[in-house]
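Student:
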Amino acid sequence: MTTPGPDGPTPRAKRVDARRNEQALLEAAAAVFVTDGVDAPVRLIAARAGVGMGTIYRHFPTRPALVAAVYQHQVEALAEAGPALLRESGDPGVALQRWAAGFVDFLVTKHGLADALGSDTEGVNTLHQYFVDRLVPVCDALLDAALEPGASGRVSGYMLMRGIGNLCIGGDDDPRYDAARLATLLVAGVTGNSTATRSTSD
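As structure tokens, then:
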């Protein structure tokens, strides 16, 4: 809610409103990218967010800027989700499964990032390093909670994320392929959760 001052909204309230609008745009863009790809028309994003196209261009003047911002927004959401899932779940293995499912959804949005950023190889590499630096420690913490201390054959967060990422490659256009289900099986195998493994075959 905007707090009016003597001459209208205060600068702080304006900043809060602008940040809220930006978050709504990023969430709308992420949803559209999943269903229509990173090349989806801006009008679809504007319609989903309930704003005019001019509002989008004020926040994100170019498509690469929008794609990079969505990418960072989703990385931060995943980073924050790890500790939250551990707090809310009575089973760390379930928390890891839910986080992995969110990671699969993120990878769907991530597809096409390099094409959207064009020739900006440095930008792509910077975002990838940011992704690794933020999410690998989160995945490691989830694994530490889900596995017994000193468990034999423990994989690293990086290895698990690479494994899930490889499962998600090339499955977008094949309805017979279910990367999310395979990711669930992979996590179940890593944690020794036979219940999760059985549930995917029902």
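In this note's numbering, the protein residues as written are 3 to 204.
The beta carbon of each residue, even a glycine, is placed where N, CA and C say it ideally should be.
Using the rule of at least 16 other Cβ atoms within 10 Å of the residue's Cβ for burial, across every protein chain shown, is A20 buried or exposed?
Tutor: In the sequence shown, the residue the question calls residue 20 occupies position 18. Flag for A20 reads exposed.
Student: When the Cα atoms are used, what is the spatial distance from A102 to D176?
Tutor: One-based indexing of the sequence shown puts residue 102 at position 100. One-based indexing of the sequence shown puts residue 176 at position 174. Each residue's Cα considered, the two are about 21 angstroms apart.
Student: Anyone know if the C-beta pair for V34 and A42 falls short of 8 angstroms?
Tutor: Locating residue 34 in the sequence shown gives position 32, counting from the first residue. Locating residue 42 in the sequence shown gives position 40, counting from the first residue. Yes; because the gap between Cβ atoms is below 8 angstroms, this pair is in contact.
Student: Among A32, R60, P94 and R164, which residue has its Cα nearest to the Cα of A143?
Tutor: The count along the sequence shown starts at 1 and reaches residue 143 at position 141. Out of A32, R60, P94 and R164, P94 has the C-alpha closest to the C-alpha of A143.
Student: Please tell me whether L169 and V192 are closer than 8 angstroms, where the distance is taken between their beta carbons.
Tutor: Translated into the one-based positions of the sequence shown, residue 169 becomes position 167. Translated into the one-based positions of the sequence shown, residue 192 becomes position 190. Not a contact, by the Cβ cut-off of 8 angstroms.
Student: Which class does C141 belong to by DSSP, given the choice of helix, strand or coil?
Tutor: Taking the first residue of the sequence shown as position 1, residue 141 is located at position 139. Reduced to three states, the DSSP call for C141 is helix.
Student: If you scan the region 30 to 107 from start to end, which runs of the alpha helix (DSSP H) of 4 or more residues do you find wholly inside it?
Tutor: Qualifying alpha helix (DSSP H) stretches, in chain order: 44 to 51, 55 to 61 and 65 to 90.
Student: Quick check on I171: buried or exposed, where buried means 16 or more other Cβ atoms within 10 Å of its Cβ?
Tutor: One-based indexing of the sequence shown puts residue 171 at position 169. Under this definition I171 is an exposed residue.
Student: The alpha helix (DSSP H) spanning R164 covers which residue range?
Tutor: Within the sequence shown, numbered from 1, the residue matching residue 164 stands at position 162. Unbroken alpha helix (DSSP H) run through R164: G159 to L169.
Student: Taking C-beta to C-beta, are A81 and R136 nearer than 8 angstroms?
Tutor: Here the question's residue 81 lines up with position 79 in the sequence shown. Here the question's residue 136 lines up with position 134 in the sequence shown. Result yes, Cβ atoms of A81 and R136 sit closer than 8 angstroms.
Student: What does the alpha-carbon distance come out to for the pair A185 and V138?
Tutor: Mapped onto the sequence shown, residue 185 falls at position 183. Mapped onto the sequence shown, residue 138 falls at position 136. A185 and V138: Cα-Cα distance of roughly 16 angstroms.
Student: Measure the alpha-carbon distance for V134 versus M55 and round it to whole angstroms.
Tutor: Your numbering for residue 134 matches position 132 in the sequence shown. Your numbering for residue 55 matches position 53 in the sequence shown. Rounded to the nearest angstrom, the two C-alpha atoms are 33 angstroms apart.
Student: Helix, strand or coil, according to DSSP, for L27 in the structure here?
Tutor: Translated into the one-based positions of the sequence shown, residue 27 becomes position 25. In this structure, L27 counts as helix in the three-state DSSP scheme.
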